[in-house]
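Using the working numbering, the first residue of the sequence shown is number 961, and each one after it goes up by one.
Note that CB positions come from ideal geometry on N, CA and C, so glycine has one too.
Given the structure is predicted, the values throughout are model-derived calculations rather than measurements.
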Amino acid sequence: MNPTNQEISRKLRAHAAELARHGDNLYRVRAFRQAAMAVLALPQDLTVLLRTEGVQVLERLPGVGKSLSKTISGYLQSLDPTSLAAT
């Protein structure tokens, strides 16, 4: 079963909190938080968008660059290896 946007957003926020706890770069923490909000604002499930449009859809989200898009897609692949089969 594919994770919902809410679950993906929750995971991104949790990761941001963990980074902040460890004193990581503020911009990196902020990027994870912005990505979480952007995922929540999507009108369609992120996993569906990834299947239809590819991983580039992540880089079009506000505040998400190549590195963060790889992190998000890696997280989704770890949950469901078939979710990104079309990318």
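Rounded distance between the beta-carbons of residue j and residue i, thought under 8 Å
i, j, result
"Arg973", "Arg993", "6 Å"
Which of helix, strand or coil DSSP assigns to residue i
i, result
"His982", "coil"
"Thr964", "coil"
"Arg993", "helix"
"Thr1042", "Because Thr1042 sits at a pLDDT of 46, beneath the cut-off of 50, its placement in the model cannot be relied upon, and the point is left open."
"Leu1002", "coil"
Beta-carbon proximity of residue i to residue j, cut-off 8 Å
i, j, result
"Leu1021", "Ser1033", "no"
"Gly1023", "Ala998", "yes"
"Ala976", "Leu1028", "no"
"Thr1007", "Pro963", "yes"
"Leu1009", "Leu1002", "yes"
8 Å Cβ cutoff, residue i in contact with chain E
i, result
"Glu1019", "Reference to chain E is not applicable here, since this structure consists of a single protein chain."
task: Ignoring anything shorter than 4 residues or poking outside the stretch 1007-1032, list the alpha helix (DSSP H) runs there in chain order.
output: Taking 4 residues as the shortest admissible run, the stretch 1007-1032 contains the following complete alpha helix (DSSP H) segments, listed from N- to C-terminal end: 1016-1019.
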